[in-house]
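For reference, the structure is listed below as structure tokens.
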Amino acid sequence: MVYSEIINDNEGLGVINLDKFIGERKILDNVSFSVKKGNAIVIIGPSGVGKSTLLYCINLLKSFENGKISISGMPIAEYNTETKSVFTTLPPNIIRQKIGLVFQEWNLWPNKTVLQNIIEAPIFVLKDNKESAKNRAKILCSKVHLENKMDSYPNELSGGEKQRAAIARALAMRPEVLMLDEITSALDPILVVEVLDVIASLKKDLQTLIIVTHHISFAKAIADQILFLYEGKVHEIGTSEILDNPQTEELKHFLQTIQRTY
Amino acid sequence: MNYRWDFSVITDNINVFLKGMGISFALTLIVIVIGTILGVFLGIYLSDKEGNDSGFKKILTVVIDSVRALPILIFILVINYWAPAFIGIHSPFLLACLALSINLTAFVSDVVRSAIQSVPKAYSLAGFALGMTPKLVAKRITIPEAIRQVIPTFSLLYIDVFKMSSIASVIAVKELTYSATLISSNTFRFLEVFTFLAMIYLAILLPFSYGARRLEKTKWFTRRS
Chain Y
2 MVYSEIINDN EGLGVINLDK FIGERKILDN VSFSVKKGNA IVIIGPSGVG KSTLLYCINL
62 LKSFENGKIS ISGMPIAEYN TETKSVFTTL PPNIIRQKIG LVFQEWNLWP NKTVLQNIIE
122 APIFVLKDNK ESAKNRAKIL CSKVHLENKM DSYPNELSGG EKQRAAIARA LAMRPEVLML
182 DEITSALDPI LVVEVLDVIA SLKKDLQTLI IVTHHISFAK AIADQILFLY EGKVHEIGTS
242 EILDNPQTEE LKHFLQTIQR TY
Chain W
51 MNYRWDFSVI TDNINVFLKG MGISFALTLI VIVIGTILGV FLGIYLSDKE GNDSGFKKIL
111 TVVIDSVRAL PILIFILVIN YWAPAFIGIH SPFLLACLAL SINLTAFVSD VVRSAIQSVP
171 KAYSLAGFAL GMTPKLVAKR ITIPEAIRQV IPTFSLLYID VFKMSSIASV IAVKELTYSA
231 TLISSNTFRF LEVFTFLAMI YLAILLPFSY GARRLEKTKW FTRRS
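Those protein sequences? They're chains Y and W, same order as listed. For the first sequence, position 204 matches number 205 in my numbering, and the numbering has no gaps at all. For the second sequence, position 39 matches number 89 in my numbering, and the numbering has no gaps at all.
As structure tokens, this is what we get:
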């Protein structure tokens, strides 16, 4: 795929020919996809195929060994073959402000309340006024149905509440793209529904989303695009129809396995 | 036991005790301030595994380990004979300050280094993912979290400093234990003097020990996500 074919003004995020090695092992192999602004792409695939690694590379928390990443049509990071390092057009911390990431294990700070967790980065990174950061955090808390838990510490929350707090914390940075890394995998089925409802409401707000999940029915409901990652490669990509009509044996097998599990 | 206790030796020499206690407190306070400041900076420096100065860090680690391994009595005697010759300090009080400060610095730096390194990576990763710089992550996330972990240990180290200040008596610092030794050798009332001395140490240190233990049990220290 040619880089110029992907870049356009409507692009939320673009990944082009991304390779990632860990030692001699190729974790991501020529991964390319593009998601439009306000759209959601759902990445599915068996465990260990590089889904989380892909999100970490996009967020520049991990380096990569080939390829480019762009936001809103503007290149932000590219592997330079001469210096053998990733060149970024902006400092990585500025790029991360544009691409939010919610972790599988929420990673909330234990000695800060939900409200303090949410306002920390807006105050110290975006230099927001404390009062306005608090007001915005309160709006976000009500959006993720945590208005009664704002003064609770993470250890006083259920798994679903922790995950919703982590989503609110990421949204507080007003990211252009929000990435969610298997955020329901550590939750029981009832809590999963709470969190998935919140993500569905984000989609309505036209937030660009990149979601890694194993919940196929949720993926079908929310995704504009579905990407099946297998052994580090984009095996299939398309609308949710690819789940009803898989073209490769790997995706067929994966869907059968998932249906037995979930 | 038909020993006749006579505690008038204490009341008669209370001023000597009080003066000795003042010197013990001063010594402890100076050592805590110097040892904590140097130890915290050294610990933060050593906790950073990146950078091109790993050779220097290895040397520092060996020095710290050596200071920690040496018995404090030996260390204070070594400093007592080395420092006058090499850095021109002759005052017993300053020599004791130097030896105990180096000792506390070594312990504090090791505690701080291990506390920072034991803060779960997930906390700093969350900071980076929100656009924080490494400096901001250290300032707002890692170091405050590490402080919570080190405060109970610090209180034990500080209690140890006060206890170790008694060792300064071997190089003739006129602190509490030295005063007791002086009074008992003049009056031959060893039992009364050293019983009273032990009571003073207990009266000062036990409340600190219990305070530290209570502090450890507060939610501020035990909270985990």
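Beta carbons: idealized from backbone N, C-alpha and C, even for Gly.
For L265/W, no chain Y residue has a Cβ inside 9 Å of its Cβ, as the nearest lies near 15 Å away. Looking at the DSSP output, F219/Y sits in no beta bridge, so it has no partner there.
According to DSSP, residue pairing for E237/Y in a beta bridge involves F229/Y.
Taking the C-beta atoms as reference points, E106/Y is found nearer than 9 Å to A172/W. The beta carbons of V220/W and L154/W sit about 18 Å from each other, so the pair does not count as a contact at 8 Å. The secondary-structure analysis by DSSP pairs F88/Y across a beta bridge with E79/Y. Cβ contact annotation for Q167/W (same chain, cutoff 7 Å, sequence separation greater than five): S97, in chain order.
What R198/W touches in chain Y, judged by beta-carbon distance under 8 Å, is N112, going in chain order. Here the alpha carbon of M174/Y sits roughly 22 Å from the alpha carbon of E195/Y.
Burial state of K52/Y is buried, judged by a 10 Å Cβ sphere holding 16 or more other Cβ atoms. Remark: C-beta atoms of I184/Y and F65/Y do not approach each other more closely than 9 Å.
If you check the CB distance, V66/W and I217/W do not come in under 9 Å. Take the alpha-carbon of K253/Y and the one of K135/Y: they are about 47 Å apart. Residue-level contact by beta carbon fails for V16/Y and chain W, as no gap is shorter than 9 Å.
With fewer than 16 neighbouring CB atoms inside 10 Å of its own CB, H140/W falls in the exposed class. A contact is defined here as three or more CB-CB pairs under 8 Å, and the stretch 130 to 146 of chain Y fails this definition with respect to the stretch 37 to 51 of chain Y.
Identification of residues in the stretch 98 to 117 of chain W having a C-beta nearer than 8 Å to some C-beta of chain Y yields an empty set.
Counting along the chain, S216/W sits inside no alpha helix (DSSP H), nor does DSSP assign it H or E at all. When C-beta atoms of the stretch 68 to 80 of chain Y are compared with those of the stretch 109 to 121 of chain Y, fewer than three pairs fall below 8 Å, so the two segments do not count as touching. Listed as beta-bridge partners of E25/Y by DSSP are no residues whatsoever.
A straight-line Cα-Cα distance of about 11 Å links F57/W and F240/W. Of the candidates Y53/W, A176/W and A230/W, the residue whose Cα lies closest to the Cα of Q164/Y is A176/W.
Rounded to whole angstroms, A138/Y and V187/W show a C-alpha spacing of 20 Å. Put simply, the stretch 247 to 261 of chain Y touches the stretch 218 to 234 of chain Y. At least three CB pairs are less than 8 Å apart. In the same chain as P111/Y, and ignoring 5 residues on each side of it, the C-beta atoms closer than 8 Å to its own belong to Y154, P155 and N156, in chain order. Put simply, the CB of G101/Y is near chain W, with a gap under 9 Å to one of its CB atoms.
Judged by DSSP in its simplified three-state form, F65/Y adopts coil rather than helix or strand.
Taking C-beta atoms under 8 Å as the contact rule, L61/Y and I96/Y qualify, at a distance of about 6 Å. Within chain W, the C-beta atoms nearer than 7 Å to that of Q98/Y come from G181, in chain order. The residue from K69/W, R54/W and P134/W with its alpha-carbon nearest to that of Y228/W is K69/W. Across the structure, D198/Y and P194/W are spaced so that their CA atoms are roughly 35 Å apart. For I191/W, at least one C-beta of chain Y is nearer than 9 Å to its own C-beta. Proximity of chain W to E106/Y at the Cβ level (cut-off 8 Å) is accounted for by A172, in chain order. Comparing alpha-carbon positions, the option among L247/W, S151/W and K269/W lying closest to I64/W turns out to be L247/W.
The three-state reading of DSSP puts T268/W in coil, since its state is none of H, G, I, E or B. Closest by C-alpha distance to T82/Y, out of P247/Y, N67/Y, Y57/Y and I72/Y, is N67/Y.
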